[in-house]
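Taking full-length UniProt numbering, I'd label the letters of the sequence shown as residues 1 to 331. A virtual CB, placed ideally from N, CA and C, is assigned to each residue, including glycine. Here is the structure we will look at.
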Amino acid sequence: LGQGKYTGKVSDLAYHNSLMVQVWSMLASKNVRLAARALSALPVEPSSATWITYIRCHDDIGWAIDDADAEAVGLNGYWHRQFLADWYRGVYPMSDARGLVFQYNPVTQDRRISGTAASLIGIEAAAEAVAGIGEETPAWREEELRGWLAQRLDALRLANAIIYGWGGIPVLWSGDELGQLNDPNWDTEPGHEADSRWAGRPVLSEEAVAQRHDPTTIPGRVFGDLAHLGKVRASLPQLGAQVRTVVAPVDDDGVLVTVREHPRGSFVGVYNVTSDWRAIPAWRLAEYGVLGAVDVLTDTVPAGAASLEGGGDGMVAVPPFAAWWLVRSTD
Numbered sequence: 001l002g003q004g005k006y007t008g009k010v011s012d013l014a015y016h017n018s019l020m021v022q023v024w025s026m027l028a029s030k031n032v033r034l035a036a037r038a039l040s041a042l043p044v045e046p047s048s049a050t051w052i053t054y055i056r057c058h059d060d061i062g063w064a065i066d067d068a069d070a071e072a073v074g075l076n077g078y079w080h081r082q083f084l085a086d087w088y089r090g091v092y093p094m095s096d097a098r099g100l101v102f103q104y105n106p107v108t109q110d111r112r113i114s115g116t117a118a119s120l121i122g123i124e125a126a127a128e129a130v131a132g133i134g135e136e137t138p139a140w141r142e143e144e145l146r147g148w149l150a151q152r153l154d155a156l157r158l159a160n161a162i163i164y165g166w167g168g169i170p171v172l173w174s175g176d177e178l179g180q181l182n183d184p185n186w187d188t189e190p191g192h193e194a195d196s197r198w199a200g201r202p203v204l205s206e207e208a209v210a211q212r213h214d215p216t217t218i219p220g221r222v223f224g225d226l227a228h229l230g231k232v233r234a235s236l237p238q239l240g241a242q243v244r245t246v247v248a249p250v251d252d253d254g255v256l257v258t259v260r261e262h263p264r265g266s267f268v269g270v271y272n273v274t275s276d277w278r279a280i281p282a283w284r285l286a287e288y289g290v291l292g293a294v295d296v297l298t299d300t301v302p303a304g305a306a307s308l309e310g311g312g313d314g315m316v317a318v319p320p321f322a323a324w325w326l327v328r329s330t331d
C-alpha cells in the first residue's frame, strides 16, 4: 500500500499476510501476545486503501514471524517458526493439524505448510475419529470424540470471525466455505507430485454443497457460521474501510481484543483463542465504551459484561473459542 509520495500510486488493496500468520500462531500457541505486538507494529494503512483478509489462500503458508517481534514478547523467532511448522504438519505433541510441508529448506530448516483451513485446524483428524465410532465405543469415549470435533468447528468459526471482524475485504478460498478437507489424491495428477499446495485445492464437492444447509453436517455447520458472519458484518458500518483496527493491550494471554472507533459507535472484537475459559476486566470494556453492549453475533449481552462488577470479581468470563463483536451504536 503506497504511503507518502507513493500514496495512490501503488495499490488500493493488499493481502494481509501478517494477520493470516498470526491467526494460526495464536491458535497453535494459545497465546495472543506475539500477534498483538506484530499487528500493532504495522504501518497505518492509507485512507484510500484497505486489506484483503483471509485465514489461508490457494498457496502455502510461510511463517513470517519477525525476530524482533518475537524477542519483544520473550520468544525466539527461529524456534517459534519451527514450532509452527511442526504443529501444522502434525508432528508436534498434541497437534491435530494435517498440513503438508512445501519447499523444505535444509539450510534454514524453513518449512512452509499447505492445506485447507479445515485440515489445518484439526477438523480432518477429529472427523476421522468420529467416523470410527462404533457399537463397541464406550459412551464416554464417543462423547469425548464428538466434543473434540465440535471444538475444532468452534475454533474455525473463531478464526473466521477474526478475519471478518478485522475490516477490509474478507476472502475465502474454494472449499473452505464448506469445511472441505485436504485432497487425498493431490499427488496423482501429473505434474503435481512434488507440489503439496494442490492438497489445499480440492475439487469442489457436490456432496458437501448439497449438505450446506444441514447444520448437523460439517459442511452445514461451517457454511452456516460463515453465512451468519457475513450477514452480520454487512449490517455494521463499523467494519467499513474508513477506520482501522487497533489491538488493545493484552489482559489475558489467551484473549485478543480489537477496537474500531467509528462515528456511529465503537466496535470491539473479543476473541478467546484457547479451549479454556478466560477472563478480561470489565473496566477494559468500559474504557472502549462497550460495557453492556450487545454481542451482535448472538444478539445478547455476554454474561458479566453489563457492569463493572463483571461476574462479581470485576472480570468478564470469556468461553472457549468465543468470538464477540460488541457494538455500541450511536444511532
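Going by DSSP, what residues sit across from residue i in a beta bridge?
i      : result
Arg260 : Phe267
Ala64  : DSSP lists no partner for Ala64.
Thr53  : Pro170
Val316 : Ile280
Val327 : Phe267 and Val294
Leu204 : For Leu204, which the question treats as bridged, DSSP gives no partner whatsoever.
Ala14  : Trp51
Thr300 : Asp295
Thinking residue i and residue j are a contact (beta carbons under 8 Å), I'd like their distance in whole angstroms, please.
i           : j      : result
Leu326      : Val268 : 4 Å
residue 332 : Gly134 : This structure cannot speak to residue 332, because the chain is shown only from 1 to 331.
Arg37       : Ala72  : 5 Å
Ile52       : Val171 : 5 Å
Val222      : Leu178 : 6 Å
Thr245      : Arg260 : 6 Å
Ala161      : Tyr271 : 7 Å
Gly102      : Arg197 : Going by the sequence as given, residue 102 is Phe instead of Gly. Rounded, the Cβ-Cβ distance is 6 Å, consistent with contact.
Gly314      : Arg278 : Between Arg278 and Gly314 the Cβ distance is about 15 Å, and since that is not below 8 Å, they are no contact.
Gly224      : Thr50  : In fact, because the Cβ distance is near 27 Å, the residues do not count as touching under 8 Å.
Pull up the distance between the alpha-carbon of residue i and that of residue j, whole angstroms please.
i           : j      : result
Thr216      : Leu226 : 15 Å
Ala155      : Gly132 : 22 Å
Ile218      : Leu145 : 14 Å
Glu45       : Gly165 : 17 Å
Thr298      : Ser25  : 27 Å
Ile123      : His58  : 19 Å
Arg157      : Val107 : 37 Å
Leu39       : Pro138 : 45 Å
His262      : Gln238 : 6 Å
Ala234      : Arg56  : 22 Å
Ala68       : Glu206 : 46 Å
residue 353 : Ser95  : Residue 353 lies beyond the range of the chain shown here (1 to 331); nothing can be said about it.
Val130      : Gly115 : 21 Å
Gly147      : Ala125 : 13 Å
Leu256      : Ala317 : 14 Å
Gln242      : Gly265 : 13 Å
Pro184      : Ala199 : 7 Å
Asp60       : Asn76  : 23 Å
Arg152      : Glu287 : 32 Å
Glu143      : Ala41  : 43 Å
Arg284      : Pro302 : 14 Å
Leu34       : Gln22  : 8 Å
Gly312      : Val10  : 52 Å
Asp203      : Ala97  : The residue you asked about is not Asp; residue 203 is Val in the sequence shown. Spanning the two alpha carbons is a distance of roughly 21 Å.
Gly289      : Gly230 : 24 Å
Counting only runs that start and end within the region 210-295, where is the alpha helix (DSSP H) found for 4 or more residues in a row? 218-234 and 282-287
On the three-pair Cβ rule with 8 Å, is the region 178-196 touching the region 297-311? At 8 Å Cβ cutoff, the stretches do not touch.
On the three-pair Cβ rule with 8 Å, is the region 107-123 touching the region 78-85? yes
Between the region 85-101 and the region 205-213, do at least 3 Cβ pairs fall closer than 8 Å? no
Continuous alpha helix (DSSP H) assignments of at least 4 residues falling wholly in the region 74-155: 77-88, 117-121 and 123-131
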